[in-house]
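Colleague: Residue 1 is where the sequence shown starts when you use our numbering, and the numbers rise one by one after that. Ideal placement from N, C-alpha and C gives every residue a C-beta, glycine not left out.
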Amino acid sequence: MLFQNYHSLVGQRFGLFLSLARFLLRIAFPNSAGKPAVEQKERLSANAFYTAVHQSPAHSCSVKVWSKGGVRDLALRHNLFECTAPDFKEWVRKTDVVLVPIGSMERHGPHCPLGCDSIEAWVATTRAAQKSDVPHTPLLWAGYAVHHMLGPTITLRAETLSNVLYDIARSLIHHGFNKVIFVNGHTSNLRALDPVLRKIRNDTGGLVAVYAVDSANTIPLYKELIEGPDELPGWHGAEIEVSEMLAYNPDLVRIERIKKEDVPKFPKAPTVFSKKFTKSDGRMNIIFEGYEGITMPLRDAEYIDEGYMGNPLRGNKEKGEKIFEAVSSALARFIEDMKKVKVEVTNREFTEAL
Numbered sequence: 001m002l003f004q005n006y007h008s009l010v011g012q013r014f015g016l017f018l019s020l021a022r023f024l025l026r027i028a029f030p031n032s033a034g035k036p037a038v039e040q041k042e043r044l045s046a047n048a049f050y051t052a053v054h055q056s057p058a059h060s061c062s063v064k065v066w067s068k069g070g071v072r073d074l075a076l077r078h079n080l081f082e083c084t085a086p087d088f089k090e091w092v093r094k095t096d097v098v099l100v101p102i103g104s105m106e107r108h109g110p111h112c113p114l115g116c117d118s119i120e121a122w123v124a125t126t127r128a129a130q131k132s133d134v135p136h137t138p139l140l141w142a143g144y145a146v147h148h149m150l151g152p153t154i155t156l157r158a159e160t161l162s163n164v165l166y167d168i169a170r171s172l173i174h175h176g177f178n179k180v181i182f183v184n185g186h187t188s189n190l191r192a193l194d195p196v197l198r199k200i201r202n203d204t205g206g207l208v209a210v211y212a213v214d215s216a217n218t219i220p221l222y223k224e225l226i227e228g229p230d231e232l233p234g235w236h237g238a239e240i241e242v243s244e245m246l247a248y249n250p251d252l253v254r255i256e257r258i259k260k261e262d263v264p265k266f267p268k269a270p271t272v273f274s275k276k277f278t279k280s281d282g283r284m285n286i287i288f289e290g291y292e293g294i295t296m297p298l299r300d301a302e303y304i305d306e307g308y309m310g311n312p313l314r315g316n317k318e319k320g321e322k323i324f325e326a327v328s329s330a331l332a333r334f335i336e337d338m339k340k341v342k343v344e345v346t347n348r349e350f351t352e353a354l
């Protein structure tokens with residue numbers, strides 16, 4: 001009898017516990033009648049678990065976190081690569097702006113990683129996406145870098161890069177975005193982009209732009225931080241990019257390979273030309289009698305030694321963090337203004353891909 005009473009008492013308490021659990025679930029998930037549409041349990045900090053509730057595309061998409069602190073919403077992941085299909089649709093409902101970071105993999109001296117330009121684009125994109133609350137695609141790490149091929153480099157042909165970016169933009173516009181911003185970390189990519197930008201615009205009516213975050217273009221945003229202004233533009237593998245790489249991951253920088261007596265390094269005109277020719281930076285122009293309006297494609301080894309210009313020893317982590325913040329904040333301000341622009345897409349169908 002005592003045994004039966006004990007089991008009855010336990011059963012009553014267990015029933016009360018279940019009722020209380022159902023009540024708490026109804027509070028936590030009011031739209032799901034206590035039954036989440038999708039339930040996942042994963043190990044988080046403090047052994048919390050989250051339940052993702054993806055409603056129909058017509059409703060908002062939320063992620064619930066249930067931990068000791070109670071239930072709270074998590075923001076959508078900004079990287080579309082990590083989003084689910086309903087998350088992607090939620091981003092389209094939330095904004096018509098999307099970022100596409102593009103960079104390069106090329107020689108940056110004996111001390112900097114090959115991915116400097118890609119890292120610049122990635123950090124600017126991810127930070128600006130957080131600041132302005134817009135999504136972004138994964139990084140396109142290969143660009144148009146044929147002039148660096150005398151050192152370790154992976155390049156795309158100009159037409160390949162154009163075709164890839166065209167297909168990415170058309171896909172994003174097909175699925176609902178109106179404005180595509182390519183965040184470019186490699187100066188020379190611009191040489192291949194003008195025709196494809198115009199084609200995307202003409203074929204869809206969507207708004208497309210390239211926002212340059214390479215150090216050749218961003219110097220005015222933080223010029224007061226530069227210790228060697230007389231060495232500018234010494235941005236390729238020198239003060240600016242070394243600072244950025246130290247801020248990103250100091251383990252990637254081998255600054256001990258740079259000797260004080262060897263810097264700063266300045267570009268020079270190829271030796272086959274007369275002394276009337278000079279070269280001031282890594283862009284595709286050459287200077288004749290002080291006139292800069294001459295375009296002449298050269299390989300980097302023809303005007304610089306070891307793949308860098310300027311003084312890498314001036315770089316430091318604190319400076320790099322300030323540069324990253326200045327560049328990403330400026331990009332975020334641009335995005336906020338772009339959100340206000342009204343765009344009418346005339347063609348979303350990407351039939352060429354079928």
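CA-CA distance, residue 373 and residue 103?
Modeller: Summary: the structure shown does not reach residue 373, with the chain confined to residues 1 through 354, and so no result is reported for it.
Colleague: Would DSSP call residue 156 helix, strand or coil?
Modeller: Three-state result, residue 156: coil.
Colleague: Between residue 240 and residue 100, what straight-line distance do the alpha-carbon atoms span, to the nearest angstrom?
Modeller: Taking the straight line from one Cα to the other gives about 23 Å.
Colleague: From this set, 115, 320, 130, which residue's C-alpha is nearest residue 76's C-alpha?
Modeller: Taking only the C-alpha atoms, the option nearest residue 76 is 130.
Colleague: Would you call the stretch 196-215 and the stretch 265-274 touching, i.e. three or more CB-CB distances under 8 Å?
Modeller: Too few Cβ pairs lie closer than 8 Å, so no.
Colleague: Tell me whether the stretch 212-228 and the stretch 289-302 touch, counting them as touching only if at least three CB pairs, one residue from each stretch, are closer than 8 Å.
Modeller: Too few Cβ pairs lie closer than 8 Å, so no.
Colleague: Verify whether the separation of the beta carbon atoms of residue 184 and residue 208 is less than 9 Å.
Modeller: Not a contact, by the Cβ cut-off of 9 Å.
Colleague: Are the Cβ atoms of residue 137 and residue 161 separated by less than 9 Å?
Modeller: Result no, Cβ atoms of residue 137 and residue 161 do not sit closer than 9 Å.
Colleague: Counting only the same chain and skipping the five closest in sequence on each side, list residues whose C-beta sits under 6 Å from that of residue 150.
Modeller: Excluding sequence neighbours, residue 150 sits near 299, 301.
Colleague: Between the Cα of residue 256 and those of 312, 215, 159, 211, spot the shortest distance and give me the residue it belongs to.
Modeller: Among 312, 215, 159, 211, the Cα nearest to that of residue 256 belongs to 312.
Colleague: Is it true that the CB of residue 109 sits closer than 9 Å to the CB of residue 237?
Modeller: Contact: yes.
Colleague: Would you mind working out which of 148, 167, 89, 78 sits nearest residue 305, comparing C-alpha positions?
Modeller: Measuring from the Cα of residue 305, the nearest candidate turns out to be 148.
Colleague: If I measure Cβ to Cβ from residue 81 and keep anything under 6 Å in the same chain, skipping five residues before and after, which residues do I get?
Modeller: If we look at residue 81 and ignore the five residues flanking it on each side, its Cβ neighbours are 138.
Colleague: With a threshold of 8 Å on Cβ separation, who are the neighbours of residue 317 within its own chain once the five nearest residues in sequence on each side are excluded?
Modeller: Taken in chain order, the residues that qualify are 243, 246, 247, 250.
Colleague: Whole angstroms are fine: how far does the CA of residue 117 sit from the CA of residue 217?
Modeller: Approximately 12 Å, taken between the alpha carbons.
Colleague: Between residue 400 and the rest of its own chain, which residues show a CB-CB distance below 7 Å, the 5 nearest in sequence each way excluded?
Modeller: Nothing in the structure corresponds to residue 400, since the chain is present only between 1 and 354.
Colleague: Return the Cβ separation of residue 91 and residue 135 in integer angstroms, given the expectation that the two are a contact with Cβ distance under 8 Å.
Modeller: At roughly 5 Å, the Cβ-Cβ gap stays under 8 Å, so residue 91 and residue 135 are in contact.
Colleague: Quick one, which of 96, 265, 287, 331 has its alpha-carbon nearest residue 178's?
Modeller: Minimum Cα distance to residue 178 is reached at 96.
Colleague: Along the chain, where does the beta strand (DSSP E) containing residue 125 start, and where does it finish?
Modeller: Careful: residue 125 lies outside any beta strand (DSSP E), inside the alpha helix (DSSP H) at 116-132.
Colleague: Can you list the beta strand (DSSP E) stretches of 3 or more residues lying completely in the stretch 268-339, in chain order?
Modeller: Listed in chain order, the complete beta strand (DSSP E) runs (minimum 3 residues) inside the stretch 268-339 are 285-288, 291-295.
Colleague: Could you pull out every residue in the same chain whose Cβ sits closer than 6 Å to the Cβ of residue 176, ignoring the five residues on either side in sequence?
Modeller: Excluding sequence neighbours, residue 176 sits near 92.
Colleague: Between 181, 279, 338, 319, which lies nearest to residue 309 when the distance is taken from Cα to Cα?
Modeller: If we check each option's Cα against that of residue 309, 279 comes out closest.
Colleague: Give the C-beta separation of residue 335 and residue 128 to the nearest angstrom, bearing in mind that I take them to be a contact with Cβ-Cβ under 8 Å.
Modeller: So it is a contact: roughly 6 Å between Cβ atoms.
Colleague: Applying the criterion that 16 or more other CB atoms from any shown protein chain within 10 Å of the CB defines a buried residue, is residue 265 buried or exposed?
Modeller: So residue 265 counts as buried.
Colleague: Return the chain-ordered ranges of every alpha helix (DSSP H) run that is complete within the stretch 187-257 and spans a minimum of 4 residues.
Modeller: Fully enclosed alpha helix (DSSP H) runs of 4 or longer: 190-204, 215-218, 239-248.
Colleague: Which same chain residues, not among the five before or five after residue 326, have their C-beta less than 6 Å away from its C-beta?
Modeller: Within the same chain, residue 326 has close Cβ partners 221, 222.
Colleague: If you scan the stretch 75-114 from start to end, which runs of the beta strand (DSSP E) of 3 or more residues do you find wholly inside it?
Modeller: Correct list: 97-102.
Colleague: Under the DSSP definition of a beta bridge, which residues are partnered with residue 184?
Modeller: Beta-bridge pairing links residue 184 to 102, 212.
Colleague: Figure out for me which residue from 119, 126, 86 has the closest Cα to the Cα of residue 79.
Modeller: Measuring from the Cα of residue 79, the nearest candidate turns out to be 126.
Colleague: If the criterion is Cβ atoms closer than 9 Å, does the pair residue 187 and residue 282 meet it?
Modeller: Yes, the Cβ-Cβ distance between residue 187 and residue 282 is below 9 Å.
Colleague: For residue 158, which residues of its own chain have a beta-carbon under 6 Å away from its beta-carbon, when the five flanking residues on both sides are left out?
Modeller: Excluding sequence neighbours, residue 158 sits near 144, 192.
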